[in-house]
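Enquirer: Quick note: the sequence shown, position 15, residue 23 per the working numbering, numbers continuous.
One structure, pasted below without further comment.
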Amino acid sequence: MAFGRIINMFYQLKDMGYGTYNTLYHANVMSIANYASGIWGYLDYNNSRMLQNKCNKFYLGTHIFTPTAAVNIEMDEPDIRSLRWVEMVRLKNRFAKMDEYRWPRIVLDWDVETGTNAWAREVKLILTQANCLEDPTLESVSDLDILSRNLLRMSRTSWKMDAHVKTKLELMLEIHDFSQEKVLLKANLPRLQRSLVLMFKAGVFPIRKETGRYKNIKRELRFCEVCEKKVIEDEKHFIFVCKKLKKVRKTYIPAFLKEHKLKWKREWEKCLRVMVQPENIKGFAKWLEQMYLARREIVYR
Ligand SMILES: [Zn+2]
9 MAFGRIINMF YQLKDMGYGT YNTLYHANVM SIANYASGIW GYLDYNNSRM
59 LQNKCNKFYL GTHIFTPTAA VNIEMDEPDI RSLRWVEMVR LKNRFAKMDE
109 YRWPRIVLDW DVETGTNAWA REVKLILTQA NCLEDPTLES VSDLDILSRN
159 LLRMSRTSWK MDAHVKTKLE LMLEIHDFSQ EKVLLKANLP RLQRSLVLMF
209 KAGVFPIRKE TGRYKNIKRE LRFCEVCEKK VIEDEKHFIF VCKKLKKVRK
259 TYIPAFLKEH KLKWKREWEK CLRVMVQPEN IKGFAKWLEQ MYLARREIVY
309 R
């Protein structure tokens, strides 16, 4: 329901910047999905994870077959469960600041002392996992910034591990710069460009290598429909090789390679890595859109 409201706004405004989307997402979706999670937020709930994935994929303009690990890596947002964990520790902090004779504080102290399967135990588990447990009696106030940062770091490690088991994400692991944050989002691209860059990096760009899969064509037979040669249409062929796309390619690639002193034949993955850097991503995205449209024109004319 709340997410539907964002989708409506999205269509009314045609598109929205990442900052606006993020504000609306937290105000309309997270605040409802995680309501009062300071109390109940410890466990993992598949439905809430699915909701977060759905929102992320919608904003990035990509389809359901895009690996979730790629979406998470690109969004680089704290996962929904860690937001709830922060809320639990925030509530613990409120109790810890209270005088010892106040009821919530008395209950907390009692819970810490006796609880084997209780709320305080969950808070301790959160703080231990995030490497933030300084005081097992929970009497001190925890730093929520450090906690959030540590939780995000843990999520990043697990997204990367997820990506390593997905063959589709080989290219992403090769060209994504993990030392930078939210490069794609900060570029504030139009929705189609944002979606094309993500699909390209995530190995689900609509070229034969991917579309052949929908038609159950064997990997080694997914030949290029554009130049109709017996070569597999993968990212490298599409971007650097296919002769039928030469005209559009010329508007970008030669000058780009010259400027960065790169030779695609020897290091095509490195070329892509440079293209998706913050200073180049806008130009790359715009050109990728032209390539996509030119390809579509040839294949579906
Ligand atoms: Zn071709």
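Glycine included, C-beta positions come from ideal geometry on N, C-alpha and C.
Predicted, not measured: the structure shown is a model, and the values here were computed from it.
Going by the CB atoms, is the gap between arginine 230 and lysine 217 shorter than 8 Å?
Expert: Taking C-beta atoms as the reference points, lysine 217 and arginine 230 count as a pair closer than 8 Å.
Enquirer: Rank Val234, Gln298 and Lys209 by C-alpha distance to the C-alpha of glutamine 285 and give the top, closest one.
Expert: Closest by alpha carbon: Lys209.
Enquirer: Cα separation between asparagine 125 and histidine 172?
Expert: Between asparagine 125 and histidine 172, the C-alpha separation is close to 35 Å.
Enquirer: Quick one: does the C-beta of valine 234 sit closer than 7 Å to a heavy atom of ligand 1?
Expert: yes
Enquirer: Counting only the same chain and skipping the five closest in sequence on each side, list residues whose C-beta sits under 8 Å from that of aspartate 107.
Expert: Scanning its chain for C-beta atoms nearer than 8 Å, with the 5 sequence neighbours on each side dropped, one finds around aspartate 107 the residues Arg113, in chain order.
Enquirer: Mapping DSSP to helix, strand and coil, what is phenylalanine 186?
Expert: In this structure, phenylalanine 186 counts as coil in the three-state DSSP scheme.
Enquirer: What is the C-beta distance between leucine 91 and glutamate 82, in whole angstroms, given that I count them as a contact (C-beta under 8 Å)?
Expert: Not a contact, Cβ separation roughly 18 Å.
Enquirer: Between leucine 179 and glutamate 121, is the Cβ-Cβ spacing less than 8 Å?
Expert: no
Enquirer: On the CB-based measure, 16 or more other CB atoms within 10 Å of its CB, does histidine 268 come out buried or exposed?
Expert: exposed
Enquirer: Does DSSP classify isoleucine 240 as helix, strand or coil?
Expert: strand
Enquirer: Verify the contact flag: lysine 258, CB atom, against every heavy atom of ligand 1, threshold strictly below 7 Å.
Expert: Within 7 Å of the C-beta of lysine 258 there is not a single heavy atom belonging to ligand 1.
Enquirer: Excluding the 5 residues preceding and the 5 following asparagine 36 in the sequence, name in chain order all residues of the same chain whose CB lies nearer than 7 Å to its CB.
Expert: Ala10, Arg13 and Ile14
Enquirer: With contact counted as at least three CB pairs below 8 Å, one residue from each stretch, are the segment 93 to 111 and the segment 125 to 141 in contact?
Expert: Verdict: yes, contact present.
Enquirer: Between the Cα of glutamate 277 and those of Val256, Ser166, Arg304 and Ile247, spot the shortest distance and give me the residue it belongs to.
Expert: Ile247
Enquirer: Using 8 Å for Cβ pairs, my map puts lysine 168 next to proline 75. What's the rounded Cβ distance?
Expert: Between proline 75 and lysine 168 the Cβ distance is about 12 Å, and since that is not below 8 Å, they are no contact.
Enquirer: For the segment 49 to 57 against the segment 183 to 201, are there 3 or more C-beta pairs whose distance is under 8 Å?
Expert: no
Enquirer: Determine whether the beta carbon atoms of leucine 296 and valine 205 lie at a separation below 8 Å.
Expert: yes
Enquirer: Cβ-heavy atom distance between glutamate 218 and ligand 1 below 7 Å?
Expert: Not under cutoff, so the answer is no.
Enquirer: Should glutamate 241 be listed as close to ligand 1, given that the test is whether its C-beta is under 7 Å from any heavy atom?
Expert: Flag set: Cβ of glutamate 241 near ligand 1.
Enquirer: Please classify glycine 46 as buried or exposed, where buried requires at least 16 neighbouring CB atoms within 10 angstroms.
Expert: buried
Enquirer: Heavy atom of ligand 1 less than 7 Å from the Cβ of lysine 244, yes or no?
Expert: Because no heavy atom of ligand 1 lies under 7 Å away, the Cβ of lysine 244 does not count as near it: no.
Enquirer: Rounded C-beta distance between aspartate 119 and tryptophan 127? I'm assuming under 8 Å.
Expert: 6 Å
Enquirer: Residues in the same chain with beta-carbon distance under 7 Å from lysine 174, minus the five sequence neighbours each way, listed in chain order, please.
Expert: Pro75 and Ala77
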